[in-house]
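full-length UniProt numbering applies: residue 1 is where the sequence shown begins, and numbers increase by one. One structure is given below, encoded as structure tokens.
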Amino acid sequence: MARKPHLGKSGLTQWVVTDSLSADEEVARRCSVEVLQEALAGFEGLTVTSASVNHSGEFTVPASPLQPVHTAEAAPRIGNLPAFCDIRIEQRAPGGHTVTFYVWAPLAWNGRFLATGGAGSLTGPLWFEVPTCRAMTMPVALRNGFVTAATNAGNVDDRVNDWALRKDSGTLDWDLIENWVHRSTHDMAEVSKAVIVALYGTGPEYSYYVGGSGGGRQGLASAQRHSGDFDGIWISDPAMNWNTLNIAILWPALAMKLHDNILPPAKLDAFRAAVLEALDGADGVRDGFLSAAETIEFDPETVIGTPTTAGEVTKIDAVTMQAIWDGPRAQDGRQLAAAPRPGSKFWTSPEKPGVGSVLFTEVEGELKVTPSIAVNHVRWVAEDPEASWEDLTLDGFWDLCDTGAQRLAAIDSDDDLTSFRASGGKLLITQAIEDEVLRYQEVLNFYLGVVQRAGGQQEASSFVRMFLSDGDIHGYCIGAGAGVSLAAGTTALMKWVEDGEEPQVMVAERFDVALGEVTATRPVYAYPEIPRYRGEGDPKQATSYEPVRMS
């Protein structure tokens, strides 16, 4: 059995010191279709389609709809890889689908398994190389000495987010959805562990899952439904509560439509700047973003008359902005989903595409607004590939919310983690306060639900920890504030699982892409503690902050 690896953070994506790991040539000998097919004979409908040792140090990236944002298109080749057994496995799944599992097994192994997820409504695999991204990828896991794996969950549809709708009838393909929700991630874990035994003669000492956004949803589903699959799970900015998530994403664009008033990026920027000017600084320092410490009370009408490149802010602009900040509500006034917090950015611009609840594009000189993946959610709920969010009235929106809650209940995230707790598993949750896509309040509310079920903060802290990162954005350590890197988060998870070292604080980092370096650090504390500036020292250094209890 492999000895305990030495942990030592180096940059944003390296946390295991692999120099002392030695290659096992027996693994290379066993890396064959014949050996693995025999070892996996107990799995129904499973075929090992390829298995070969890659000594080249490089990997040619297959075409994939999962591409990085905030950066140029991913490089066609990945380099600096250790020698590994590259395995492809196919499995017949319900509904006539064929699921593919991708397993990479290093010849120099650290004794552990690290599964990866996907993004958006796809389970993976993630091939791209972006060190500032928090989504775990197979190359990053491999370089740290892990056996790693991913799955496509049987989804080979070229319709990136409409794949759940059958092409022939437009109805929901529940077999494929079940693969996506949890089944294929579970099967990936079981198959990968069997591969590990076949190659190394022993199972992994510890098994982990790390994923962000849609990959975070996968990890949470594993904790909920298959509590024995992983000893430790880290989910960052998780796309949980699928129906509610999409309602929240849809609302800002729909509010603009219902008020017949598209707020262009320049005016949205003006509202945000006014909020920051008025409220920034509750954490002890004015840093250009609102922390978890700020209490947000702001009247958008105070911005009326402010000049922008899109014209002056008007009364109807303020009314529309307030409607967005109020969030989606039912006929009786109940909050249906969390609203964007005043001062937070939830939009992109035609000049700077990225991720957000509201995507702006310019078509023939006209500004167009799109509510991100909620466009497809409307089609899922209606079971109609032609359904359009632009046809929604307020009554239609309420019907969408009700029907979605019923029809897509299987996707939603249950806060009952009793089985995961009993299994001894550890769940690390990190969430960016300035998330442009998800509302951090939704993730926090989920965590508080887990705490309540567990019997309180002290009881829950033995198996789940929540960290909020001020100024951090969705999935990347390049926001105005600092974010938890792959290296920092996975190190904390491993120390918790293997050494019993409960994570109380992690050092988040802000990476400046133009400079190519980390320009700021800040501590993130386990909830309910948040950082506050001490009043002295460099505000860009983590040592200048202390924990205070979130009110």
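No residue lacks a Cβ here, since even glycine has one placed at the ideal position from N, Cα and C.
Residues bridged to residue i (per DSSP)
| i | result |
| --- | --- |
| A93 | H97 |
| W174 | Answer is none; W174 lacks a bridge partner. |
| K426 | G232 |
| K352 | S349 |
| D512 | E517 |
| H6 | V17 |
| T314 | Answer by DSSP bridge pairing: none, since T314 is not bridged. |
| M506 | V524 |
| G483 | E509 |
| C85 | V53, A105 |
Residue i versus residue j: straight-line alpha-carbon distance, rounded
| i | j | result |
| --- | --- | --- |
| L172 | F101 | 24 Å |
| L12 | D287 | 23 Å |
| G516 | W174 | 45 Å |
| M1 | D269 | Note that M1 scores 46 on pLDDT, short of 50, meaning its location in the model is unreliable; the coordinates nonetheless yield the value given after this. One C-alpha to the other measures close to 56 Å. |
| N261 | T320 | 7 Å |
| V210 | A318 | 41 Å |
| V505 | A422 | 25 Å |
| A39 | S551 | 55 Å |
| A330 | P523 | 38 Å |
| S52 | N110 | 20 Å |
| K167 | I196 | 38 Å |
| S184 | G120 | 16 Å |
| I473 | V381 | 29 Å |
| A164 | A488 | 35 Å |
| A266 | I247 | 25 Å |
| S344 | R272 | 7 Å |
| P76 | S56 | 15 Å |
| G170 | L428 | 38 Å |
| E436 | R341 | 10 Å |
| A28 | F84 | 8 Å |
| E129 | V513 | 14 Å |
CB of residue i within 8 Å of CB of residue j, strictly
| i | j | result |
| --- | --- | --- |
| Q431 | A338 | no |
| R143 | Y206 | no |
| residue 552 | A93 | There is simply no residue 552 to check, as the chain begins at 1 and stops at 551 in what is shown. |
| V507 | A542 | yes |
| Q224 | L486 | no |
| Y525 | P539 | no |
| L394 | L400 | no |
| N179 | V48 | no |
| V378 | A253 | no |
| T491 | L114 | no |
| G124 | L493 | no |
| A463 | D415 | The question names Ala, but residue 463 in the sequence shown is Phe. Their beta carbons are not under 8 Å apart, which means F463 does not touch D415 by this criterion. |
| D86 | N54 | yes |
| V191 | W127 | no |
| I433 | G471 | yes |
Residue i, enclosing beta strand (DSSP E) - first and last residue
| i | result |
| --- | --- |
| residue 574 | In the structure displayed, the chain extends from 1 to 551; residue 574 sits before or after that span and is not available. |
| K368 | 366-370 |
| N54 | 46-54 |
| A362 | Per the sequence shown, the amino acid found at residue 362 is Glu instead of Ala. Run containing E362: 359-363, per the beta strand (DSSP E) assignment. |
| A115 | 112-116 |
| residue 582 | Any property of residue 582 remains undetermined from this structure, which presents the chain solely from 1 to 551. |
| E277 | From DSSP, E277 is part of no beta strand (DSSP E) but of the alpha helix (DSSP H) over 265-279. |
| V548 | 545-549 |
| F463 | Unbroken run through F463: none, as it is neither H nor E. |
| V147 | 147-151 |
N-terminal and C-terminal residue of the alpha helix (DSSP H) that residue i is part of
| i | result |
| --- | --- |
| residue 571 | Because residue 571 is not part of the residues shown, which for the chain are 1 to 551, the question remains open. |
| F420 | 418-423 |
| S207 | Careful: S207 lies outside any alpha helix (DSSP H), inside the beta strand (DSSP E) at 206-212. |
| Y533 | Run containing Y533: none in the alpha helix (DSSP H); it sits in the beta strand (DSSP E), 529-533. |
| V450 | 440-454 |
| S184 | 184-200 |
| W127 | Here W127 belongs to no alpha helix (DSSP H), and DSSP marks it neither H nor E. |
Beta-carbon separation (whole angstroms), residue i vs residue j, contact threshold 8 Å
| i | j | result |
| --- | --- | --- |
| R134 | G475 | 5 Å |
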